[in-house]
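S.K.: Be aware that the sequence shown starts at 1, since it is given in the UniProt record's numbering, and climbs by one per residue.
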Amino acid sequence: MKRGDFLYKTRWATADELPIMSEYWCLMANEMADNDGTPEPDNERVYQVKELFINEYKAGHLAFRVAVDKEDRIIACAGGLIRTEYAYPLAEEPTLFGWIISVYTNKAHRKQGLAKDLIDEICLWLKENGANRARLWSSSLAKNMYEELGFQQMFDLEKKL
1 MKRGDFLYKT RWATADELPI MSEYWCLMAN EMADNDGTPE PDNERVYQVK ELFINEYKAG
61 HLAFRVAVDK EDRIIACAGG LIRTEYAYPL AEEPTLFGWI ISVYTNKAHR KQGLAKDLID
121 EICLWLKENG ANRARLWSSS LAKNMYEELG FQQMFDLEKK L
């Protein structure tokens, strides 16, 4: 796909590239901390996320789409994680849900539509694997993009204890 002055293609991330996906997750989490005041991940949390990615990938519950440049360097990613959850309070049966995770584009390649393309591809993978809904946590900067993709805000209340 041609985006601006760059030529990109998308593909599935390999198991060997999962450490890069965890690095991108860390960059995403740090940007959310800077922009939205969420906690920055410490080294232990970064390690836990890397292990989660490896284990869920091996179990077939996690996949990543990546955008690569003409030298096959990863410049953007989006993950899909399948979970079994109750859709709403008092639901009789748990159902498969998809989580959109670790969406990140290198700063030099933003505003090219890469994240949108990757998220669309991950949503298709989630649907093909039995999920009938997709959820995500968004930074304030990305909220409009997700709404353009059809995501709607849900009610979620929180109280610090």
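From the three backbone atoms N, C-alpha and C, an ideal C-beta is built for every residue, glycine too.
Nothing here was measured: the structure is a model prediction, and the numbers come from that model.
How many angstroms separate the CA atom of isoleucine 101 from the CA atom of glutamate 92?
M.R.: 27 angstroms
S.K.: Does tyrosine 57 come out as helix, strand or coil in the three-state DSSP assignment?
M.R.: helix
S.K.: What three-state label does DSSP hand glutamate 85 in the structure shown?
M.R.: The three-state reading of DSSP puts glutamate 85 in strand, counting E and B together.
S.K.: In this structure, does DSSP put tryptophan 125 in helix, strand or coil?
M.R.: helix
S.K.: Would you mind stating whether valine 68 and tyrosine 8 have Cβ atoms separated by less than 8 angstroms?
M.R.: yes
S.K.: For residue 162, which of Trp25, Ile54, Glu51 has the nearest alpha-carbon?
M.R.: Residue 162 falls outside the range modelled here, since the chain spans only 1 to 161, and no answer is possible.
S.K.: CB-CB under 6 angstroms to serine 139, same chain, minus the five flanking residues each way: which ones, in chain order?
M.R.: Met32, Asn35, Asp36
S.K.: Once you ignore the five residues that flank histidine 61 on each side, which residues in its own chain have a CB closer than 8 angstroms to its CB?
M.R.: Leu81, Ile82, Arg83
S.K.: On a Cα-Cα basis, can you pick out the residue from Glu85, Arg133, Gly79 that is closest to glutamate 121?
M.R.: Gly79
S.K.: Taking C-beta to C-beta, are glycine 73 and tryptophan 99 nearer than 8 angstroms?
M.R.: Here residue 73 turns out to be arginine, not glycine, going by the sequence shown. Going by C-beta atoms, arginine 73 is not nearer than 8 angstroms to tryptophan 99.
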